[in-house]
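Trainee: Structure below; questions to follow.
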Amino acid sequence: MNINLDNVSTFIATQGVDIGLKIIGAIVAWIIGRWLINLAVGLMGKGLDRAGKLDPTLVKYLKSIVSVLLTVVLILAILGLFGVETTSFAALLAGAGLAIGTAWGGLLAHFAAGVFMQVLRPYKVGDFVQAGGVTGTVTELGLFTTTIVTPDNVATIVGNNKIFSDNIQNYSTLPVRRVDCVAKVANGVDVQDAIARLRPVIAAIPNVTQTPAPDIEILEFTPEGPKLCVRPYTNNEHYWQVYFDTHKAIVDTFGAAGYPVPETPMSYRGLPLPAPGPVQA
């Protein structure tokens with residue numbers, strides 16, 4: 005293939021300088037643009053870290069997202085220096101973003117919920133919560149899922165969108181939590197005597213708070229006898245110790261008082277006894 009040197013020389017003489025200047029301008033724009041992007045992302049990260057309201061993982065993701073978006077804008081601007089029509093690229097990126105958003109709608113919903121939870125902080129790692137229909141201790145709070153270990157030691161991973169769209173109960177927010185127990189006394193037992201015996205015993209259980217004092221009252225009446233609610237208060241970390249010790253104290257107190265075991269009343273109707281059959285040898 006023969007190359008006309010005169011045409012090449014003419015092209016270089018007429019267009020070469022302009023193209024060379026554009027290439028140099030693109031390189032300078034890229035260097036300066038990347039420096040400005042890194043500066044902006046760094047300042048944003050320092051500001052978010054100084055505020056202390058966001059998880060470091062979320063800050064890292066936000067910095068990456070902003071950096072990518074600004075880099076795309078920089079590339080489109082550099083292409084504009086060469087006379088490339090960037091409108092079509094912008095439309096292509098918008099279409100790709102819409103397609104990705106549609107395909108990953110559920111995943112992005114979990115991500116958005118994770119961002120809001122990182123900002124609002126309804127709970128933190130170590131809290132005992134009921135969220136997304138699961139009750140347990142939070143061991144990991146991610147951008148897409150939350151890991152909760154249930155009391156029977158099962159690690160359960162729940163999507164953040166399910167948690168954020170439902171009610172959240174955080175048992176660790178307040179320093180004191182009520183322990184709900186029930187004690188049933190037999191019919192014929194003096195209920196006030198039973199309550200009086202329980203009050204000092206329950207109050208003496210280790211880690212039971214004096215303020216508020218334990219609640220011991222008649223909860224309801226049953227055929228077997230009155231049912232008492234026994235509700236001491238304790239710190240969250242001692243909940244289960246107080247829960248089990250309270251039941252033990254109820255059994256020991258009623259046993260020492262000689263209370264009979266509650267029994268369900270039975271009614272019998274007189275029925276004729278069946279006739280004896282023939283005696284077999």
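Sequential numbering from 5 applies to the sequence shown in our numbering. Note that CB positions come from ideal geometry on N, CA and C, so glycine has one too. Since the structure is predicted, the reported quantities are computational estimates derived from the model, not experimental observations.
1. Is Lys188 helix, strand or coil by DSSP?
2. Mind listing, in chain order, the continuous alpha helix (DSSP H) runs of no fewer than 4 residues lying wholly within the segment 126-209?
3. Which whole-angstrom value describes the C-beta separation of Pro227 and Pro269, a residue pair presumed to lie in contact below a C-beta threshold of 8 Å?
4. When we look at the beta-carbon of Gln122 and count the other beta-carbons within 10 Å, is it buried (16 or more) or exposed?
5. Short of 8 Å in beta carbon distance, which residues of its chain neighbour Lys188, apart from the five on each side in sequence? Order them along the chain.
6. How far does the beta strand (DSSP E) with Thr226 in it extend, from its first residue to its last?
7. Looking at the structure shown, is Ile255 part of a helix, part of a strand, or coil, going by DSSP?
8. Tyr237 and Thr257: beta carbons closer than 8 Å?
9. Is the segment 148-160 close to the segment 179-196, with three or more CB pairs under 8 Å?
10. From Leu78 to Asp53, what does the alpha carbon distance come to, in whole angstroms?
11. Decide if Thr149 is buried, meaning its Cβ has at least 16 other Cβ atoms within 10 Å, or exposed.
12. Beta carbon of Asn174, beta carbon of Pro216: below 8 Å?
13. Can you name, in chain order, every residue of its own chain whose Cβ lies under 6 Å from the Cβ of Asp184, other than the five neighbours on each side?
14. Please confirm whether Phe120 and Leu147 have their CB atoms less than 8 Å apart.
15. Just reading off the beta strand (DSSP E) that Thr238 is part of, what are its end residues?
16. Strictly by DSSP, which residues pair up with Leu232?
17. Using the beta-carbon count (16 or more within 10 Å), is Val162 buried or exposed?
18. What do you reckon, are the CB atoms on Val129 and Glu144 nearer than 8 Å?
19. Could you check how far apart the C-beta atoms of Ala137 and Ile152 are, in whole angstroms? I think they sit under 8 Å.
20. Nearest by alpha-carbon distance to Gly118: which of Thr75, Asn164, Ile82 is it?
21. Relative to the alpha-carbon of Ile254, which residue among Val70, Pro204, Trp244, Leu47 has its alpha-carbon at the smallest distance?
22. Using DSSP with H/G/I as helix, E/B as strand and the rest coil, what is Val212?
23. Using CA coordinates, which residue listed in Val72, Asp22, Pro210 is at the minimum distance from Leu85?
24. Can the beta-carbon of Ile172 be found closer than 8 Å to that of Ala113?
25. How should Ile167 be labelled, buried or exposed, when 16 other C-beta atoms within 10 angstroms of its C-beta is the threshold for buried?
Mentor: Looking at the atomic coordinates:
1. On the sequence shown, position 184 is the one that residue 188 refers to. Here Lys188 carries a strand assignment [DSSP, helix/strand/coil].
2. 164-168, 195-207
3. Residue 227 sits at position 223 when you count from the first residue of the sequence shown. Residue 269 sits at position 265 when you count from the first residue of the sequence shown. That belief holds up - the Cβ atoms of Pro227 and Pro269 are roughly 6 Å apart, short of 8 Å.
4. Along the sequence shown, read from residue 1 onward, the residue named residue 122 stands at position 118. Label assigned to Gln122: buried.
5. The count along the sequence shown starts at 1 and reaches residue 188 at position 184. Only Thr226, Glu228, Gly229, Pro230, Lys231, Leu232, Pro266 meet the Cβ criterion.
6. The residue given as residue 226 occupies position 222 in the sequence shown. Unbroken beta strand (DSSP E) run through Thr226: 219-226.
7. Against the sequence shown, residue 255 aligns to sequence position 251. Going by the sequence as given, residue 255 is Val instead of Ile. Helix, per DSSP.
8. Counted from its first residue, the sequence shown places residue 237 at position 233. Counted from its first residue, the sequence shown places residue 257 at position 253. Not in contact: Tyr237 and Thr257 (Cβ atoms no closer than 8 Å).
9. Cβ pair count under 8 Å is below three, so no.
10. Working through the sequence shown from its first residue, we reach residue 78 at position 74. Working through the sequence shown from its first residue, we reach residue 53 at position 49. So the alpha carbons of these two residues sit roughly 26 Å apart.
11. Here residue 149 is taken as the residue at index 145 of the sequence shown, counted from 1. By the Cβ neighbour-count rule, Thr149 is buried, with 16 or more other Cβ atoms within 10 Å of its own.
12. Here residue 174 is taken as the residue at index 170 of the sequence shown, counted from 1. Here residue 216 is taken as the residue at index 212 of the sequence shown, counted from 1. Contact check for Asn174 against Pro216 fails: the beta carbons are separated by 8 Å or more.
13. What you label residue 184 is simply residue 180 of the sequence shown in a count that begins at 1. Take Asp184, set aside five residues on each side of it, and the residues of its chain with a beta-carbon closer than 6 Å to its own are Arg235, in chain order.
14. Taking the first residue of the sequence shown as position 1, residue 120 is located at position 116. Taking the first residue of the sequence shown as position 1, residue 147 is located at position 143. No. Outside cutoff.
15. Counted from its first residue, the sequence shown places residue 238 at position 234. Bounds of the beta strand (DSSP E) holding Thr238 are 237-239.
16. Numbered from 1 along the sequence shown, position 228 holds the residue referred to as residue 232. According to DSSP, Leu232 bridges with Ala187, Ile222.
17. Start at 1 with the first residue of the sequence shown, and residue 162 comes out as number 158. So Val162 counts as buried.
18. The residue you call residue 129 lines up with position 125 of the sequence shown. The residue you call residue 144 lines up with position 140 of the sequence shown. Yes, the Cβ-Cβ distance between Val129 and Glu144 is below 8 Å.
19. The count along the sequence shown starts at 1 and reaches residue 137 at position 133. The count along the sequence shown starts at 1 and reaches residue 152 at position 148. Reading off the sequence shown, one finds Gly at residue 137, where the question assumed Ala. Rounded, the Cβ-Cβ distance is 10 Å, inconsistent with contact.
20. Within the sequence shown, numbered from 1, the residue matching residue 118 stands at position 114. Taking only the C-alpha atoms, the option nearest Gly118 is Asn164.
21. Here residue 254 is taken as the residue at index 250 of the sequence shown, counted from 1. Here the closest residue by C-alpha is Pro204.
22. Here residue 212 is taken as the residue at index 208 of the sequence shown, counted from 1. The answer is strand: DSSP assigns Val212 an E or B state.
23. Residue numbering aside, residue 85 sits at position 81 when the sequence shown is read from its first letter. Closest by alpha carbon: Asp22.
24. Counting from one through the sequence shown, the residue named residue 172 turns up at place 168. Counting from one through the sequence shown, the residue named residue 113 turns up at place 109. Not in contact: Ile172 and Ala113 (Cβ atoms no closer than 8 Å).
25. On the sequence shown, position 163 is the one that residue 167 refers to. Ile167 comes out buried.
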